[in-house]
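Numbering-wise, full-length UniProt numbering puts 147 at position 147 of the sequence shown, and it's gapless, one number per residue. A virtual CB, placed ideally from N, CA and C, is assigned to each residue, including glycine. Note that the structure is a prediction, hence the values are computed from the model and not measured. Report on the structure given below.
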Amino acid sequence: MKATQGSVFRRREALITYLDRYDYGTVSELADRFQVSEVTIRRDLLFLEKKQLIERYYGGVKRIKKSEKRESQHLGSVEEFPWQRLLPPLHLLLQEKKLIFVGAGRWSKELIQAVADFDLTIVTNDHSALIDLKPGRAIVCLCGGEVESNSTALVGDIATLAFSKYTADLCLIEASGIDSHEITTMTLSESFVYRTMLQHTQGEKIIYTEGENIGHVRGFMIDRTFMANRLFSNRQLSEVETAQFSSQGLQFSLL
1 MKATQGSVFR RREALITYLD RYDYGTVSEL ADRFQVSEVT IRRDLLFLEK
51 KQLIERYYGG VKRIKKSEKR ESQHLGSVEE FPWQRLLPPL HLLLQEKKLI
101 FVGAGRWSKE LIQAVADFDL TIVTNDHSAL IDLKPGRAIV CLCGGEVESN
151 STALVGDIAT LAFSKYTADL CLIEASGIDS HEITTMTLSE SFVYRTMLQH
201 TQGEKIIYTE GENIGHVRGF MIDRTFMANR LFSNRQLSEV ETAQFSSQGL
251 QFSLL
């Protein structure tokens, strides 16, 4: 039986988790552990190598460890991102009785609560969105699916199928990286959900991210940059970056 994309994503996520724990492994032992052929494992490892998550050597692989300095910088900047400044332009783009997608992120719950007074239908994969949700006119729907580890995101085949059944008028996604070629997120399973959200939106496709993530595409590709049309961040772009994003049809706004 042909594997679904969801099962492939879960296996690759499990591969990363395994290598995080054991640091290295051989092709044969990984194939045995995940009950697939060595050809399939090599295909998975090639994919992860291209993402600079592993390093291959003869007969096996080892995990490339993340920079602790980089992670501490990232964690230190979480509260500095001015997500509240996203609200005025977002309010201008919202229209009554429309359907919007909101991808799970560090500020997605707050953003959903901030637009709950609009007459909207909001479909999200943030399973925390309904917690302490203030009464409003908006209808907030969870897509369903599996809970991503260390995240509030719902992922997997059910989540992806749910978004594919709708056509949204606006989509709002937090990215972990973006350049003139691609938009990325940190986990493989989330990337497929967010790609589906973008591809099933007929209106504004909004990406927001911290300034330090612009020009860097860490993690897994959500989609090509031209699939979005608005980028919000807290760092001013250089003239070169502005021209590069403009060539992809992406309008930048400074928060």
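- For aspartate 169, the enclosing beta strand (DSSP E) begins and ends at 168-174.
- In the pairwise beta carbon analysis, the region 90-99 is classified as not touching the region 124-135: fewer than three pairs are separated by under 8 angstroms.
- Each of Ile64, Val39, Tyr58 and Asn150 was checked against the Cα of lysine 51, and the nearest Cα belongs to Ile64.
- Assignment of alanine 153 by DSSP, reduced to helix, strand and coil, places it in the strand class.
- By the criterion of at least three beta-carbon pairs nearer than 8 angstroms, the region 216-224 is in contact with the region 188-203.
- Membership of aspartate 32 in the alpha helix (DSSP H) is indicated by the continuous run 27-34.
- Here DSSP, grouped into helix, strand and coil, assigns leucine 99 to strand.
- Arginine 137 sits in coil when the DSSP states are folded into three classes, being neither helix nor strand.
- Here isoleucine 173 is buried, its C-beta having at least 16 other C-beta atoms within 10 Å.
- Distance from the CA atom of valine 36 to the CA atom of glutamine 244, rounded to whole angstroms, is 42 angstroms.
- Here the region 198-205 makes no contact with the region 232-246; the two share fewer than three CB pairs at distances below 8 angstroms.
- Scanning its chain for C-beta atoms nearer than 6 angstroms, with the 5 sequence neighbours on each side dropped, one finds around alanine 159 the residues Asn125, Cys143, Gly145 and Val193, in chain order.
- Taking C-beta atoms as the reference points, glycine 215 and glutamate 241 count as a pair closer than 8 angstroms.
- Lysine 134 has its alpha-carbon roughly 7 angstroms from the corresponding atom of glutamine 113.
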